[in-house]
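In what follows, a structure is listed as structure tokens, so that the remarks can point back to it.
Numbering (the numbering used here), first residue to last: 43 to 509.
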């Protein structure tokens with residue numbers, strides 16, 4: 043394969059638009075002569091700097107060489123790959139945009155449900171040019187790959203992809219060389235399809251898009267792989283079944299920011315599927331729990347209620363609660379790599395029963411809680427008591443202090459890995475501290491990626507000082 047001249051570098055590092063981790067990854071790939079190219083025509087300045095999903099084409103034969111290179115640059119390969127073939131995810135936890143940034147390594151250019159493979163796809167790498175120090179396909183090659191992605195993978199044109207296509211079309215209009223290269227390597231039909239796709243970006247006719255999809259499916263340069271696609275789908279389901287799920291229990295008093303931070307984390311998940319799970323005393327998912335909650339509420343609101351019937355219902359709810367929590371966890375962890383749990387039962391709501399029956403119920407609660415899947419990391423949201431209390435003021439300040447003091451004592455007694463995150467500053471600061479706590483968790487990182495050299499898979503107990 044002909045290797046082009048290395049991309050030019052910036053004159054001053056101060057003006058580099060790329061985050062250091064992203065720049066290091068591409069610099070190391072170039073330094074070790076790993077054949078690669080950034081896909082979909084993304085420009086580093088406008089999109090790559092903030093993207094949590096960076097698609098890079100590295101041929102399968104070069105993946106073994108690329109893996110240690112990317113890991114040396116700070117990108118860890120996931121232990122189990124659950125993405126669509128042929129993607130391999132490398133994650134970096136130094137992202138300022140979200141929880142984790144991923145380099146999505148594509149080892150073969152395949153499109154659509156049937157994984158239509160592009161023959162001689164390494165021609166895309168041969169055409170590469172330098173764009174802000176990053177190897178990208180020549181404009182018409184990039185437009186061809188982008189068109190196949192939109193037509194066969196997406197089956198429709200989103201607003202964002204339309205804008206990307208228009209930006210790419212401007213680059214194609216200024217380029218004359220790669221159009222001939224596209225026709226030479228992948229045929230005149232490929233060049234005609236690409237030109238028609240770029241021309242269609244100005245319209246909104248769905249019929250034109252269906253015509254282009256049909257044309258893409260008939261391209262001689264794409265070969266159908268139905269058997270491979272079938273076994274791939276079966277393999278994805280199997281990997282999703284056996285994948286490790288990182289569990290993070292987040293607890294803190296009202297006003298500490300639990301729901302807000304969990305929502306931010308799930309919204310900024312990128313290629314890693316980050317789900318949230320609420321294990322509090324509402325939002326029931328199982329029919330018995332829903333029935334018990336409704337019946338207890340109706341009994342409490344009755345003009346003449348039966349204390350005996352109410353006590354039976356409450357005890358039945360206590361008995362069923364572990365099954366309800368387990369069902370909620372299974373729902374939250376479906377197809378997830380990381381789950382952030384709000385109100386995970388770790389003892390923060392334990393009381394001090396005085397009766398024999400109360401102590402029996404307490405023992406049952408603790409036993410059933412121990413049988414639930416354990417979190418890999420427990421995070422206490424803490425900070426200045428006056429600041430956190432002022433956000434909601436749902437209890438007297440003295441009660442707030444007593445509760446938070448009890449939470450601080452509880453987290454210090456845990457035998458699993460734990461950390462304390464201050465949330466009395468700005469929302470951005472709180473989110474960054476939460477992200478760092480997960481990034482620095484040995485238990486969580488080892489579960490998702492495997493132990494590094496010299497590390498053990500055992501859990502450790504760490505905590506930052508309470509305020």
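Backbone N, C-alpha and C fix where the C-beta goes; we use that ideal spot for every residue, glycine too.
Segment limits, beta strand (DSSP E) that includes residue i
| i | result |
| --- | --- |
| residue 288 | 288-293 |
| residue 463 | 460-464 |
Minimum C-alpha distance to residue i - residue among the options
| i | options | result |
| --- | --- | --- |
| residue 22 | 199, 225, 179 and 258 | In the structure as shown, the chain starts at 43 and stops at 509, and residue 22 therefore has no counterpart that could be examined. |
| residue 309 | 381, 78, 465 and 107 | 381 |
| residue 356 | 438, 170 and 399 | 399 |
| residue 219 | 169, 186 and 453 | 169 |
| residue 560 | 377, 246, 162 and 142 | Nothing can be reported for residue 560: it is not among the residues displayed for the chain, which extend from 43 to 509. |
| residue 303 | 211, 321 and 141 | 141 |
| residue 361 | 298, 200, 375 and 330 | 330 |
| residue 59 | 285, 187, 176 and 494 | 176 |
| residue 144 | 74, 67 and 207 | 67 |
| residue 272 | 349, 299 and 157 | 157 |
| residue 292 | 412, 337, 473 and 491 | 473 |
| residue 163 | 314, 263, 185 and 73 | 263 |
| residue 366 | 379, 198, 239 and 321 | 321 |
| residue 476 | 138, 236, 247 and 346 | 138 |
| residue 188 | 160, 172 and 174 | 160 |
| residue 408 | 417, 391 and 419 | 391 |
| residue 433 | 225, 244, 383 and 469 | 469 |
| residue 154 | 181, 133 and 198 | 198 |
| residue 64 | 74, 96 and 224 | 96 |
Residue span of the alpha helix (DSSP H) that contains residue i, given as start and end
| i | result |
| --- | --- |
| residue 357 | 349-374 |
| residue 427 | 427-434 |
| residue 400 | 398-413 |
| residue 95 | Taken as a continuous stretch (DSSP letters only), residue 95 belongs to no alpha helix (DSSP H), being part of the beta strand (DSSP E) at 95-99. |
| residue 76 | From DSSP, residue 76 is part of no alpha helix (DSSP H); its letter is neither H nor E. |
| residue 343 | 329-343 |
| residue 317 | Segment 316-320 is the beta strand (DSSP E) holding residue 317; no alpha helix (DSSP H) there. |
| residue 302 | 300-309 |
| residue 233 | 230-242 |
| residue 107 | 105-114 |
| residue 513 | As displayed, the chain neither begins before 43 nor continues past 509, which places residue 513 out of reach and without an answer. |
Backbone secondary structure at residue i - three-state DSSP
| i | result |
| --- | --- |
| residue 500 | Its pLDDT being 45, under 50, residue 500 is placed unreliably by the model, and the measurement read from it follows with that caveat. Note: residue 500 maps to coil in three-state DSSP. |
| residue 145 | strand |
| residue 46 | Residue confidence for residue 46 is low, a pLDDT of 47 falling below 50, so the modelled location carries little weight and cannot support an answer. |
| residue 51 | Confidence at residue 51 is low in this model, with a pLDDT of 40, below 50, so the placement of that residue is unreliable and no value is reported for it. |
| residue 393 | coil |
| residue 491 | helix |
| residue 421 | strand |
| residue 507 | Its pLDDT being 41, under 50, residue 507 is placed unreliably in this model, and the value from its coordinates should be taken loosely. Three-state DSSP puts residue 507 in coil, outside helix and strand. |
| residue 384 | strand |
| residue 443 | helix |
| residue 454 | helix |
| residue 448 | helix |
| residue 119 | strand |
| residue 265 | strand |
| residue 225 | helix |
| residue 91 | coil |
| residue 416 | coil |
| residue 250 | helix |
| residue 346 | coil |
| residue 259 | helix |
| residue 486 | helix |
Residue environment, residue i, which counts as buried when at least 16 other CB atoms sit within 10 Å
| i | result |
| --- | --- |
| residue 183 | buried |
| residue 92 | exposed |
| residue 295 | buried |
| residue 430 | buried |
| residue 195 | exposed |
| residue 397 | exposed |
| residue 70 | buried |
| residue 507 | Bear in mind that the predicted position of residue 507 carries a pLDDT of just 41, short of 50, making it unreliable; the figure below should be weighed with that in mind. Classification of residue 507: exposed, given that the 10 Å Cβ count is below 16. |
| residue 261 | buried |
| residue 78 | buried |
| residue 499 | Because the pLDDT of residue 499 is 46, which lies under 50, any placement of that residue in the model is unreliable, and the number read from its coordinates should be weighed accordingly. Answer is exposed; the Cβ neighbour count stays below 16. |
| residue 421 | buried |
| residue 465 | buried |
| residue 394 | exposed |
| residue 438 | exposed |
| residue 301 | exposed |
| residue 200 | exposed |
| residue 206 | buried |
beta-carbon residue i near the ligand FMN non-hydrogen atom, thresh 6 Å
| i | result |
| --- | --- |
| residue 490 | Absence of the ligand FMN is noted for the structure shown, with no ligands found whatsoever. |
For this session: Could you pull out every unbroken beta strand (DSSP E) segment of at least 3 residues lying fully inside the stretch 129-215, listed in chain order?
Result: Counting whole runs of 3 or more residues, the stretch 129-215 contains the beta strand (DSSP E) stretches 129-134, 143-148, 158-160, 171-173 and 176-178.
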